[in-house]
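Chemist: Just so you know, the sequences run in chain order A and B. Counting in the working numbering, the first sequence runs from 1 upward without gaps. Counting in the working numbering, the second sequence runs from 1 upward without gaps.
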Amino acid sequence: MSLLRELLFPMIAVVAAFIVGGILILIVGDDPLLAYGLLFGSALSWPVGIGYTLFYATPLIFTGLAVLVAFRCGLLNIGAEGQLYIGAFATAWVGITFANLSPWLLIPMCFIAAILGGGVWGAIPGVLKARFGSHEVINTIMLNFIAVALLSYFTQYHYKSPSDPIMETVPIGEGAHIARLGKVIPGLPEFIPLNVAFVVALICCGLVYLFLWRTKWGYELRATGTNPSAAEYGGISVRKQIIVAMTISGALAGMVGINEVLGYRYRYYDGFSDNYGFTGIAVALLGRNHPVGVIISALLFAVLQRGGIPVDAFTEHVTKDIVQVLQGTIILFVAAEAFFRGPFAKFGLLQRSKV
Amino acid sequence: MTEIFTIALIWSTIRVSTPLILAALGGLFSERSGVINIALEGMMLAGAFAAAAVTHAVGNPFVGVLAGMAAGSLIALIHAVACIQYKADQVVTGTAINILMIGMPAFLSGAFFISSGSTPQIPKENLISLTPMAIAFVLILITLATWYVLYKTPFGLRLRSVGENPEAADAAGIRVARMRYAGVLLSGVLAGVAGAYVSIGQSSLFTRNMTSGRGFIALAALIFGKWRPVQTMLACLLFGLTDALTIQMQGVFKDIPVQFIHMVPYLLTIIVLAGFIGSSRPPKALGIPYQKER
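Structure (structure tokens):
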């Protein structure tokens, strides 16, 4: 019953968003059922569709977890976008600088770079909030822009091959490449960039769950999120928790670099993120700020992203922009769930769930 | 140095600051009433698209600007209903609107103009051309009007009071929800005009995501200006100057990468918010939905 209650609102929000999207598709003169059929049909076809869907889900799991950890501490991290850029660049930097090391040494170093890069960028707004009380939302927005400018500078002036017209760094050493899952899963072609990072993302979900609900530190973090003054009274340092939560959050976002740099492009590509950081907010929110929920909603958003491509190609008027429209509408409905609580309240199972 | 600091730089600063000032003053009304507005970007995009699409359709830019205002307010209404009526998280709602508005105008353009997310080019004779002097005059007028409304009228007093202490305002008979609706809707109107300026003022068509973060710079300027009209306008001019400088500097100062100049507004905002340059105190009830006691 409690599971049903947890799932009900997100499901209503998603269905409502699809209805809104369907009406829009009708207005522009296409058949919503055809468009949605294309969307789900292509994204869930084996092996290419599913392969790409899981590949797209990988960064969203990381950013969803990042937003979740911060949220559990009562913070809204809308800086995952900047943190994942810094993490990805740090990964590429290690992969380029130590290109000749053995994979056994280089890959772990690259992983650490992703975690540290994102962690440091996440820690900055944490410290600013803990030390000066300045709001993390504003600071993370500002840091997103600073990260983008900083990395565009480093890419352009220091790590780009001069003959390359594209804003991307030189390639990382071959020793830093991580395996694509096509190598081990029969039937999955190797050109699909789904790689080990997906498994790492799933492991991170488990670790985040264990940390938050099975350790003392996780308890302190959640206590801070639930009621900071009570936590402080109980001997928990709220300032410390804010810094810890933002650092972990940033580190998780930074791990997007593992997927992007080590498993996909094998270099840092300027501006690669397709709003992963912001979609992470939707993923965490729709997933009820629970690791399992994050996996499910990351998959849903990945389906949208993958399925948007054939919709663009095979319908008369609908472009892949429908994906952003659906995403935005889903978040809006999830955020304003009281909107649905009214009409459904009489069923009695829709009391406020504990987030 | 004299090559850079010319009259052209001043005009260019005014041009790039205009949408920032309009959007930031809009954000001011919303935030002073207690509703966080990170949806300025989305409202600007709505305004930019509607202005370009309507000007293309009817051939009259003034109608286009009105359409921009209407579109901005429509988005603001969504924000207001979600945040005030349904007490949604204001930052999350703002983020949702921003994502929605990256998609929606491009979706509509793609469908109605068979394009990759932009509206058709509008011929020059159908655009308003304003001299920088006229723009500057209008901006000063709007800033002073904002100041006057906020500090010298009963409406402004009520608006500020629901942003600072909604309980007390409520006890004094002020309708908190109504004032907040007014604040958010005003922000939509102004952000809509700001968007219209970007599409049919600075350019002659709408392109996908064409405001490219200006809504966030406006928000930064609002904080840098400590949520006060005149300071906010000056902050916008400062941020606009950094932008104008990067354009002027190309070819003159090759050694300073433009990326560093782009960072300046954001760094300044972080510094000011941390309290290193005076203190920037947000309205007390900012971000907190008001629950009337039963």
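From the three backbone atoms N, C-alpha and C, an ideal C-beta is built for every residue, glycine too. Source: prediction; values computed, not measured.
Output yes or no for whether 8 Å exceeds the beta carbon distance between alanine 70 of chain A and threonine 91 of chain A.
Modeler: Against a cut-off of 8 Å, the Cβ pair of threonine 91 of chain A and alanine 70 of chain A comes out as no contact.
Chemist: Apart from the five residues on each side of it in sequence, which residues of its chain come closer than 6 Å, Cβ to Cβ, to alanine 197 of chain A?
Modeler: Closer than 6 Å at the Cβ level, and outside the excluded window around alanine 197 of chain A, lie Thr58, Ile258, Asn259, Gly263.
Chemist: Mind checking which residues open and close the alpha helix (DSSP H) that includes tyrosine 56 of chain A?
Modeler: Its alpha helix (DSSP H) spans residues 48 to 72.
Chemist: Taking buried to mean at least 16 other C-beta atoms within 10 Å of its own C-beta, is serine 212 of chain B buried or exposed?
Modeler: Exposed, by the Cβ-count rule.
Chemist: Taking a cut of 8 Å between CB atoms, which residues from the segment 169 to 184 of chain B lie near chain A?
Modeler: Of all residues in the segment 169 to 184 of chain B, none has a Cβ within less than 8 Å of some Cβ in chain A.
Chemist: Return the first residue and the last residue of the alpha helix (DSSP H) that valine 138 of chain B is part of.
Modeler: Looking at the DSSP string, the run of the alpha helix (DSSP H) that includes valine 138 of chain B is 132 to 152.
Chemist: Please list, in chain order, the chain B residues whose beta carbon lies closer than 7 Å to that of alanine 418 of chain A.
Modeler: Only positions 1 to 355 of chain A appear in this structure, which leaves residue 418 of chain A out of reach.
Chemist: By Cβ distance below 7 Å, which residues in the same chain neighbour glycine 183 of chain B in space, the five residues on each side in sequence not counted?
Modeler: Phe29, Ser30, Arg32, Ser33, Val35, Leu159.
Chemist: Which residues in chain E sit within 8 Å of alanine 82 of chain B, going by Cβ to Cβ distance?
Modeler: No chain E is part of this structure, whose protein chains are labelled A and B.
Chemist: In the DSSP output, what is glutamate 136 of chain A paired with across the bridge?
Modeler: None; glutamate 136 of chain A has no bridge partner.
Chemist: Could you round the C-beta distance between isoleucine 172 of chain A and glycine 95 of chain A to whole angstroms and report it? I think they count as a contact, below 8 Å.
Modeler: Yes, isoleucine 172 of chain A and glycine 95 of chain A are in contact; Cβ-Cβ is about 3 Å, under 8 Å.
Chemist: In three-state terms, what does DSSP make of arginine 228 of chain B?
Modeler: Arginine 228 of chain B: coil per DSSP, three-state reduction.
Chemist: To the nearest angstrom, how far is the alpha carbon of arginine 265 of chain A from that of leucine 106 of chain A?
Modeler: The alpha-carbon atoms of arginine 265 of chain A and leucine 106 of chain A are separated by roughly 17 Å.
Chemist: Take leucine 329 of chain A and list the residues in its own chain whose beta-carbon comes closer than 6 Å to its own, dropping the five residues that flank it on each side.
Modeler: The residue you asked about is not leucine; residue 329 of chain A is threonine in the sequence shown. Correct list, in chain order: Ala17, Val20.
Chemist: Which residues of chain A have a Cβ atom closer than 7 Å to the Cβ of cysteine 102 of chain B, listed in chain order?
Modeler: In the sequence under discussion, the amino acid at residue 102 of chain B is isoleucine, which differs from the cysteine named in the question. Near isoleucine 102 of chain B (Cβ distances below 7 Å), the residues of chain A are Gln324.
Chemist: Can you tell me whether tyrosine 269 of chain A is helix, strand or coil according to DSSP?
Modeler: Reduced to three states, the DSSP call for tyrosine 269 of chain A is strand.
Chemist: Would you please verify whether the beta carbon of leucine 150 of chain A is less than 8 Å from any beta carbon of chain B?
Modeler: Yes, contact with chain B.
Chemist: Rounded to whole angstroms, what's the CA-CA distance from proline 120 of chain B to isoleucine 21 of chain B? Just pull it up for me.
Modeler: Taking the straight line from one Cα to the other gives about 27 Å.
Chemist: DSSP three-state call for glutamate 174 of chain A: helix, strand or coil?
Modeler: Residue state, collapsed to three classes: helix.
Chemist: Quick one: list the residues of chain B neighbouring leucine 285 of chain A, beta-carbon separation under 8 Å, in chain order.
Modeler: Per Cβ cutoff of 8 Å: Val92.
Chemist: Which residue's Cα is closest to the Cα of phenylalanine 314 of chain A: A:Leu38, A:Pro32, A:Leu33?
Modeler: Phenylalanine 314 of chain A has its Cα closest to that of A:Leu38, out of A:Leu38, A:Pro32, A:Leu33.
Chemist: Which bits of chain A does tyrosine 266 of chain B rub up against, with CB to CB less than 9 Å?
Modeler: What tyrosine 266 of chain B touches in chain A: Ile141, Met142, Leu143, Asn144, Phe145, Ile146, Ala149.
Chemist: Just the chain A side, please: which residues come within less than 8 Å of methionine 263 of chain B by C-beta, in chain order?
Modeler: Simply Phe145, Ile146, Ala149, Leu150.
Chemist: Does the segment 196 to 207 of chain B come into contact with the segment 127 to 140 of chain A, if we say contact requires no fewer than three beta-carbon pairs (one atom in each stretch) closer than 8 Å?
Modeler: Because the criterion of three Cβ pairs below 8 Å is not met, the segment 196 to 207 of chain B and the segment 127 to 140 of chain A do not touch.
Chemist: In the structure shown, what three-state DSSP assignment does arginine 214 of chain B receive?
Modeler: It is helical.
Chemist: Chain A partners of alanine 106 of chain B, CB-CB under 7 Å?
Modeler: The contacting residues are Thr319, Asp321.
Chemist: I'd like the list of long-range same chain contacts for glutamine 90 of chain B, defined as Cβ closer than 7 Å, with 5 residues on each side in sequence excluded.
Modeler: Cβ neighbours of glutamine 90 of chain B beyond the five flanking positions: Val35, Ile36, Cys83, Gly287.
Chemist: Pick out whichever of B:Leu40, B:Ala71, B:Asn98 has its Cα sitting closest to the Cα of isoleucine 331 of chain A.
Modeler: Taking only the C-alpha atoms, the option nearest isoleucine 331 of chain A is B:Asn98.
Chemist: Which residue's Cα is closest to the Cα of glutamine 156 of chain A: A:Ser42, A:Gly118, A:Phe89?
Modeler: The shortest C-alpha separation from glutamine 156 of chain A is found at A:Phe89.
Chemist: Count Cβ pairs between the segment 64 to 83 of chain B and the segment 214 to 228 of chain B that sit closer than 8 Å; are there 3 or more?
Modeler: The segment 64 to 83 of chain B vs the segment 214 to 228 of chain B: no contact.
Chemist: Taking the straight line between their C-alpha atoms, what separation do you get for aspartate 30 of chain A and histidine 317 of chain A?
Modeler: Taking the straight line from one Cα to the other gives about 7 Å.
Chemist: Starting from leucine 391 of chain A, trace the alpha helix (DSSP H) both ways and give me its first and last residue.
Modeler: No answer is possible for residue 391 of chain A: it lies beyond the span of chain A, which begins at 1 and ends at 355.
Chemist: Which of the three DSSP states is assigned to glutamate 190 of chain A in this structure?
Modeler: Reduced to three states, the DSSP call for glutamate 190 of chain A is coil.
Chemist: Can you tell me which of the three DSSP states arginine 180 of chain A falls into?
Modeler: Of the three classes helix, strand and coil, the one that applies to arginine 180 of chain A here is strand, per DSSP.
Chemist: Where does the unbroken alpha helix (DSSP H) through lysine 240 of chain A begin, and where does it stop?
Modeler: 238 to 254 is the extent of the alpha helix (DSSP H) around lysine 240 of chain A.
Chemist: Does the separation of the CB atoms of glycine 72 of chain B and methionine 43 of chain B fall below 8 Å?
Modeler: In this structure, methionine 43 of chain B lies closer than 8 Å to glycine 72 of chain B by Cβ.
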